[in-house]
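**Student:** Line by line, the protein sequences give chains A and B. For the first sequence, the working numbering gives the first residue as 4, with consecutive numbering after it. For the second sequence, the working numbering gives the first residue as 40, with consecutive numbering after it. From the three backbone atoms N, C-alpha and C, an ideal C-beta is built for every residue, glycine too.
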Amino acid sequence: MTKGKVIRKTVAESLPPQLAGLLEELPYLKKLRLNMDLKGCIKILELGVSSPVSARKAREEGRKIIYAAMTVGGEIPIALSSPAFYVLYLEWQANLYWGVLKGERDFYSQSERYGVAREMCAWTKANMGSVINALWGRPDLLVAGCGSSCDDASKVFEILEWMGHKTYYAEVPYRRNPLFNEVNIGQDSAKLVLYTPEILEFQVQEYGRFKALLEEESGIKITDDMLRQTIRYYNRARKAISEIIEMRKARPTPLGAVETFLIQGCCNYLMGDPAGFCEAVETMRDEVAEIVERREGVIDEDAVRITFCGNPYLDFQIFNQIEDAGATILGWEGGPVLLTPIDEEKDPLLALAENFLGDYPPFGDTEGMIRHIISKSKEFDCEGAIWNVQLGCSHSPVEGSIIQKEVEKALGIPVLLTFTDLPGDHPSGQVTTRIEAFVEMVKNRRMS
Amino acid sequence: MLKPLIKMEEMYKNRAQEIAQEKERGGKMVAYGCSYTPAEIIYASGAIPFRLLEGGEQEPCILGEEYTQNIYCPFVKSFVGFRIEGKNPFYQMPDMIWMTHGCDMKKNIPEVWYRFFNTPTYVINLPRTFYRDSSLQLFLGDLKQAGKKLERLTNITITDEALLHAISVYNETRRLLKRLYETRTAKNPPITGKDAINASQLSFMLDPEAYNRVLKELVEELEEMVKAGKGVYEDNPLRIMLSGSICAHGDTKLIDLIEQDRTKAIVTDDFCTGARNFHDLVVEDGSPLEAIARRYLTRVPCSRMRPNTKRFDFVKEMIKKFRVEGLIYYTLKFCFNYRTDAVRMREEIKKEGVYVLHVESDYSGADIGQLSTRVAAFFEILEESR
């Protein structure tokens, strides 16, 4: 029995005054149901939606604006270490800004004029629209993850470069099943090395290259101390988020999936404000601890326990839909889920490289993703997995079919594959029906 | 049809049996799907390099959707679908699959082969920033690993001598194909675009040394025809270049449409199965493995490279050399890299004073009417501007 239920309202229903103006053009965000009593959550939303204001202020202070995409490694921490830059991660900003991107001004579809196919990944189209229209200020530098990160994302940046935007390509090495690495031949699985020394050396070198570029752009040296300070912020945020995720094991679940996903995703770039973001997630952590103490929750204790996986996510509504169907998302895989602490003593570029190469599962074969899904499902005692990607993602469909087979084989739990579309275009009725049927199926399995 | 071309077709028809016999004697077939795969290394290991290159058929696409999706590149779907269908022997025979993570759609296909078809695979780490020295070192390091896997497969150590021999064989192929294409600079080319592209595609599938012997015969015959002023087209054909996504072996729908009455000549292309296949040689200097890595990484790039400006320069170079009057940019449906380049291609080539038609298709025959109309209208524009 749930002792007390935390009522989650839509953002629109309980709009805090400081957000009212900022949220005017964001109808999709306003529809989401969150625990709007959480001060930490309000702060996160505020950081996200006030980016145009923050970017303008940064420009007035003489800082340069960097938009990054598909870079979940060291590039953003390096850029955040310099006082000369204001850094945004495009995909996550797009997730908050669909109202503007798809609204009257339709920044989203503009990309089709420049060659981007209609059926291509929505994020990449949103990225292009954001840059062309300087949604969060005109960028001085675009940073595009490429290599084994998505084709579509870096392709759009290549077109933007052709259109005159200064672009840096951050090479991301391919992640191979560690069993295929020569260094692992003969090793038992507990001692698998996820990358070769050559790949590590390569990654450190690339981070050095990027750092040198930023120093040249700004005339400001990025020292080891500055990098370590940023690393400490990341570790603070990761610690708080990890504690929140741990607390979500409580029955009933004290924090909803939207809120959890928001902080995990935005942790990638600390929303351009490291101190502000850390403060927000730490506040949220303390607030969630109080909810746990009061034995309150956002969903019934006997909700079906799910691992959520896939990449990328466009519409947070799906998390509300899953919870409405009677499931709680406990295990997470996919998207930027780097939560392992970064070594604060080592050479910072080496520490960042080791952290990124050692933890982040995508950008390679599915082995890493499967491993994470299995370990999270076991850790959180999950009864099923929902894999969700957006229509137009070019690599995910094949990954999904592999993941489904391997996870079902390893754990004996069912895996639902779903595809969703943009907020507004999303056939939410169909998706809801499928999720409800899946949750019912999993519940019935409990009885057998 | 010229005798060497007939011979090549016969060699292709016999190739499956040839490989089967070699496998019975203990030989290994290493199949690959991307032109960035250094076939020289496979050859030097004693294995049979074979690029799985078939396309143009609808049924394998449909079957391939079991592991992919309907909104997926038809070539990649076929890569899986031909295996499922079971009719094409080449797709049943690989002892190992090599692939690069050339594009998103291709990236996980080796895993499908590994997990569902029990075929050992290796995905080569192929950097996109091909112009950086660090990327070359990353690629080279990966090829060393790949080589070790091959050695375990074939029980043959890959020596520098074996690599040098492989380089010389494959460079010879490239030189000969370059000469073949150059005969198409003639006012009335001595070989159709279809036959030229087919000859280039067969270079990925036939035994390299046997292929070179027949290719040499073909090239010498073509060069004689040029000297004698003999061509295979009607007088003064419209000179067309093709560019775009992979042109698979068997994907001839558009090519047939263009050349059906021999008044239009496909004089060149920039396909990875065509001109980009042979444009760059391995420079035989220093470590052979490093020379191979350098050639493959820094050659005229695929659209997946960042940035692929060098490809546009190559297209412009080909336009000048082959006196191209119109460019047809052919992309496969859901091929996002090449598709996204379409607007840029049109803008860049317009500056050269050449019209560009962008067409998008797949392996079904449903759009043949539409394609025909668009292509005919394009040719009318070109004729009027002459």
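What are the residues in the stretch 208 to 221 of chain A lying within 9 Å of chain B by C-beta distance?
**Tutor:** The stretch 208 to 221 of chain A vs chain B, Cβ under 9 Å: Q208, E209, R212.
**Student:** Quick check: the stretch 157 to 174 of chain B against the stretch 123 to 138 of chain B, are there 3 or more CB pairs under 8 Å?
**Tutor:** yes
**Student:** What does P255/A reach in chain B if we use C-beta pairs closer than 8 Å?
**Tutor:** Neighbours of P255/A across chain B, judged by C-beta separation under 8 Å, do not exist; the nearest C-beta is about 37 Å away.
**Student:** Hey, is the stretch 56 to 75 of chain A in contact with the stretch 35 to 46 of chain A, meaning 3+ C-beta pairs nearer than 8 Å?
**Tutor:** no
**Student:** Near F441/A, which residues of its chain fall below 6 Å by C-beta distance, leaving aside the five closest residues on each side in sequence?
**Tutor:** L419
**Student:** Should L1/A and L99/A be called a contact, given that it needs their Cβ atoms to be closer than 7 Å?
**Tutor:** Lying before the first or after the last residue shown, residue 1/A is absent from chain A, which here runs from 4 to 451.
**Student:** With DSSP as the reference, please indicate the residues paired to L333/A in a beta bridge.
**Tutor:** DSSP output for L333/A lists no bridge partner at all.
**Student:** In three-state terms, what does DSSP make of M344/B?
**Tutor:** coil
**Student:** Which bits of chain B does I405/A rub up against, with CB to CB less than 9 Å?
**Tutor:** Y106, N147, E150, V151, R154, F155
**Student:** Less than 7 Å separating the beta-carbons of Y92/A and I68/A?
**Tutor:** With respect to I68/A, Y92/A sits apart: the two C-beta atoms are not nearer than 7 Å.
**Student:** Going by DSSP, what residue range makes up the alpha helix (DSSP H) through G268/A?
**Tutor:** That run of the alpha helix (DSSP H) goes 260 to 269.
**Student:** How about R167/B: is its C-beta nearer than 7 Å to some C-beta of chain A?
**Tutor:** yes
**Student:** Report, in whole angstroms, the separation of the C-beta atoms of L254/B and A267/B, which I expect to be a contact under 8 Å.
**Tutor:** Your pair L254/B and A267/B does not check out as a contact, with CB atoms roughly 20 Å apart and the cut at 8 Å.
**Student:** Among K217/B, P43/B, S174/B, I285/B, which one has its Cα closest to the Cα of T370/B?
**Tutor:** I285/B
**Student:** Looking only at C-alpha atoms, which of K379/A, M372/A, F160/A sits nearest to T74/A?
**Tutor:** Of the listed residues, the one whose Cα sits closest to T74/A is F160/A.
**Student:** Against chain B, does V307/A count as a neighbour if the rule is that its beta carbon must be under 7 Å from one of theirs?
**Tutor:** no
**Student:** From S411/B to A304/B, what distance separates their C-alpha atoms?
**Tutor:** 16 Å
**Student:** Cβ closer than 7 Å: which chain B residues qualify as neighbours of Y117/A?
**Tutor:** V382
**Student:** Determine, for T379/B, whether the minimum Cβ-Cβ distance to residues of chain A falls below 7 Å.
**Tutor:** yes
**Student:** What residues in its chain sit with their C-beta under 6 Å from that of Q409/B, if we drop five residues either side in the sequence?
**Tutor:** none
**Student:** Are the stretch 70 to 84 of chain A and the stretch 221 to 233 of chain A in contact at 8 Å, needing three or more beta carbon pairs?
**Tutor:** yes
**Student:** Is the shortest distance between the beta-carbon of G338/A and the beta-carbons of chain B less than 7 Å?
**Tutor:** Here G338/A scores only 47 on pLDDT, less than 50, and its place in the model should not be relied on; the value that follows carries that caveat. G338/A does not count as touching chain B.
**Student:** Since F319/A and I332/A are thought to touch, with beta carbons under 8 Å apart, how far apart are those beta carbons, to the nearest angstrom?
**Tutor:** The beta-carbon distance between F319/A and I332/A, rounded to whole angstroms, is 12 Å. This is too long to meet the 8 Å contact definition.
**Student:** Reducing DSSP to helix, strand and coil, say where T369/A ends up.
**Tutor:** coil
**Student:** Can you tell me which of the three DSSP states S245/A falls into?
**Tutor:** helix
**Student:** Less than 7 Å separating the beta-carbons of I345/A and I234/A?
**Tutor:** yes
**Student:** Let me know the secondary structure DSSP gives H375/A once reduced to three states.
**Tutor:** Correct three-state label for H375/A: helix.
**Student:** Taking Cβ-Cβ distances shorter than 8 Å, what residues in chain A pair up with S173/B?
**Tutor:** What S173/B touches in chain A: E174, F205, Q208, E209, R212.
**Student:** Closer than 9 Å, Cβ to Cβ, to anything on chain B: give me those residues from the stretch 119 to 148 of chain A, in chain order.
**Tutor:** V119, A120, E122, M123, C124, T127, A147
**Student:** What residues match up with W101/A in a beta bridge as DSSP calls it?
**Tutor:** DSSP lists no partner for W101/A.
**Student:** Quick one: give me the first and last residue of the alpha helix (DSSP H) that S112/A is part of.
**Tutor:** Where S112/A is concerned, there is no enclosing alpha helix (DSSP H), given that its DSSP letter is neither H nor E.
**Student:** Where does the unbroken alpha helix (DSSP H) through S239/B begin, and where does it stop?
**Tutor:** 232 to 241
**Student:** Please classify P247/B: is it buried, with 16 or more other beta-carbons within 10 angstroms of its beta-carbon, or exposed?
**Tutor:** buried
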